[in-house]
Amino acid sequence: MLFDRPQVGERAILVHIDFFSEGQREQLQEFKELALSAGASVVDVVSGSRNRPDSRYFIGTGKVDELQKQIELQQIDLILFNHTLSPSQERNLEAQLQCRVLDRTGLILDIFAQRARSFEGKLQVELAQLKHLSTRLVRGWTHLERQKGGIGLRGPGETQLETDRRLIGGRIKQLKRRLVKHTEQRNLGSRARRRAMVPSVSLVGYTNAGKSTLFNHLTDAGVYVADQLFATLDPTLRRVDIQGIGHIVLADTVGFIRHLPHDLVEAFRSTLEETCEANVLLHVIDANDPERNAYIDQVNKVLKQIGADEIPQIKVYNKIDLTETPAKIDRDENGVPIRVWLSAQTGDGLELLQQALSDFLLQEKVNGWISLLPQQGNIRAALYAIGAVCQEESCENGGSLLEILLSQQDFSRIQKKFAVELEVNPVQLRDKTGSSTITALN
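Quick look at the structure:
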C-alpha cells in the first residue's frame, strides 16, 4: 500500500540495533546528538540486537509491531534508524508504519542541508542529496505511478517515476558543471598562494572536537561555534602570522564522522582539496573523549579517501581543561613536533601550538642549489610555476643552475611528478660546470 509522506512534524523515535559485526556497529549517544542537531524531538529509543539485518524491514517483525504501537500512542512523525537502510527496506517500513522513515545517511544529509551557508556549500549538499534520492525512487509516494490500464487511466507514455529520474539526472549534471567552475576559481587562489610561498595549514578532525573554537582563537574569524555536531560546514580561510615563518593560510574544514556518506565525501571532494594541498594538517582531537582513538582512525580513513593521508600531521589534543593534562608539546626523536596539548576554550597552550607550527614549517623548507641539464626545461618551468626559484645562473653546457626555496612537500611532488631525484647543494656551494645532479628514479 502506497501513501503520501507527511510534510511536517519532528517527534521522532530512534531505532538502534546492536550487531555482532564490528563494521555494522554504531554509537547510540552520537546518533542522539545527530538527531538533536537536526532539530528532532526524541520521544523514545527502540533498541535490540540481531546477527544480521532482516532483508525486508532491517528489523524483525516484532520490532515493527512495537514501533506501530508507539507511533499511535505517542503521535510520532518520524522514525530515525541509526543504520543505512536499502531503498526497499525504507519503502517497506514506510508502507507498513505509515510514517516517515529516515536512515543515518539521510539524517546527516539533512543536517548538512540546514548548515550550508555559502553558494558552493549549498550546491555540494544538493548534489549529495540528489545522488542519494536517485537510488530511492522506488514508489514511496502515491503520485509516482500514473501509467495504468483502463479507460481514463492511461499515462502519457512516461511514468512519473521515469520523469523524476530524468529531472534528477539533469539537475545532477548541472550541479557538477557549476562545481567544476568553482573548483577552477579556488585552484587559481591556491596556485597564487603557492607562487608566493605562503604555507597552507588545514584543521581536520572529528565533528565537535573544537576545530572552529581553535580557529577563532588563532584568527579572530568569528566562525559560528556551538556544542553540537556539524555546527559549521562551509570551509573558511584566514591569514595568520607565525613567528619565524611569516604569513600562513589556515583553513577550517568540515568535521568528519563515522561512516560519513560516500555521496557526501564525493560532493565535498572539491572543497576538501584545500586539505590535500596543505603543507601540514592540524588533527584536532577531543582529549576528554573516551572514544578518541576510534575517532582518530575514522578521520584518517576519510583523509585516505580524499588522498590526503600522506600529508604530515600534528595531532592537537584539545579540551585539556576537562582533564588533568598540562599544556605541552610532544616531539619525536628528531625533535619534530608531533603532538600539542591545549585548550581552545581557555587559551591554555595556544602559544605552544604556534611554536610547534613554526618549528615544523622551518624544518620542512628545502633551500639550496640544483643543476639542470638543457633537456630538463620542464622541471625548471615547474619550479618557476610554484615560485620556488630564488635566482638562476647559466651553466657552460647550456643548462641552468637554480637556487630554490620551497616546502619539502612541494619538493617531493616535483620529484615524483618527473620521476627524478634532485640533489640539493648548500647555498654556499655552486658548480657552474653543468654536471647533472639529477638521476632517474626506477
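Here the sequence shown stands for residues -4 to 437, where the numbers follow the numbering used here. Don't be surprised by glycine CBs; every beta carbon is placed ideally from N, CA and C. Computed from a predicted model, the values in this text were never measured in an experiment.
DSSP beta-bridge partners for residue i?
| i | result |
| --- | --- |
| D49 | F53 |
| K310 | H278, R334 |
| E319 | DSSP output for E319 lists no bridge partner at all. |
| Y201 | F251 |
| H242 | D236 |
| D325 | R334 |
| T231 | D247 |
| N420 | W364 |
| D39 | I8 |
| V294 | Answer is none; V294 lacks a bridge partner. |
| V196 | L245, V275 |
| S44 | D13 |
| L73 | A7, R95 |
Check for me: the alpha helix (DSSP H) holding residue i runs from which residue to which?
| i | result |
| --- | --- |
| E28 | 23 to 32 |
| T214 | 206 to 214 |
| L373 | Leu is not the amino acid found at residue 373; the sequence shown has Asn there. Element bounds for N373: 372 to 380. |
In terms of residue numbering, what span does the beta strand (DSSP E) encompassing residue i cover?
| i | result |
| --- | --- |
| N362 | 360 to 367 |
| D284 | No beta strand (DSSP E) holds D284; DSSP gives it neither H nor E. |
| S81 | From DSSP, S81 is part of no beta strand (DSSP E); its letter is neither H nor E. |
| I8 | 6 to 14 |
| R95 | 95 to 97 |
| Q386 | 384 to 389 |
| V415 | 415 to 417 |
| E121 | Looking at the DSSP string, E121 is not in any beta strand (DSSP E); the run it does join, the alpha helix (DSSP H), is 114 to 129. |
| I399 | 395 to 402 |
Under 8 Å Cβ to Cβ from residue i, same chain only, skipping five residues before and after it: list those, please.
| i | result |
| --- | --- |
| Q63 | Q91, L92 |
| V59 | Y52, L88, Q91, L92 |
| A282 | Y312, N313, K314, I315, L317, T318, T320, W336 |
| G55 | G43, R45, D49 |
| H278 | V199, G200, I291, V294, Q308, I309, K310, V311 |
| K323 | V335, W336, G344, L347 |
| L125 | I163, R166, I167, L170 |
Kindly list the residues whose CB is nearer than 7 Å to the CB of residue i, restricted to its own chain and excluding five residues on each side of it in sequence; keep chain order.
| i | result |
| --- | --- |
| P1 | Note that P1 scores 47 on pLDDT, short of 50, meaning its location in the model is unreliable; the coordinates nonetheless yield the value given after this. Hits under 7 Å: D72, R95. |
| V297 | F251, L255, V260 |
| G147 | With a pLDDT of 47 at G147, under the threshold of 50, the modelled position of this residue cannot be trusted, and the question is left open. |
| G239 | S353, L357 |
| Q438 | In the structure displayed, the chain extends from -4 to 437; residue 438 sits before or after that span and is not available. |
| G145 | Low local confidence applies: a pLDDT of 47 at G145 is under 50, so the model's placement there is unreliable, and no value is given. |
| R287 | I280, D281 |
| G18 | Because G18 sits at a pLDDT of 49, beneath the cut-off of 50, its placement in the model cannot be relied upon, and the following sentence gives the value as read from the coordinates. Taken in chain order, the list of residues that qualify is empty. |
Beta-carbon within less than 6 Å of residue i's beta-carbon, same chain only, minus the 5 sequence neighbours each way: which residues are those?
| i | result |
| --- | --- |
| L486 | Nothing about residue 486 can be read from this structure; the chain reaches only from -4 to 437. |
| L352 | I237 |
| V10 | V41, F76 |
| E398 | W364, C385, Q386 |
| D354 | P332 |
| R6 | S36, V38, I71, D72 |
| V193 | H242, V244 |
| L97 | L75 |
| N420 | G363, W364 |
| E359 | S402, Q403 |
| G393 | P369 |
| G303 | Note that residue 303 corresponds to Ala in the displayed sequence, not to Gly. Closer than 6 Å at Cβ, skipping near neighbours: T270, C271. |
| L276 | S197, V199, I306, Q308 |
| R326 | P332 |
| I12 | G43, R45 |
| Q84 | F53 |
| F406 | V361 |
| R131 | P82 |
### Query
Are three or more beta carbon pairs between the region 99 to 114 and the region 76 to 84 nearer than 8 Å?
yes
### Query
So does the region 315 to 335 actually touch the region 287 to 297, counting three or more Cβ pairs closer than 8 Å?
no
#### Entry: contact_flag[the region 200 to 219, the region 163 to 177] where n(CB pairs < 8 Å) is 3 or more
no
### Task
Specify whether the region 363 to 370 and the region 339 to 354 touch according to this definition: at least 3 beta carbon pairs, one from each stretch, less than 8 Å apart.
no
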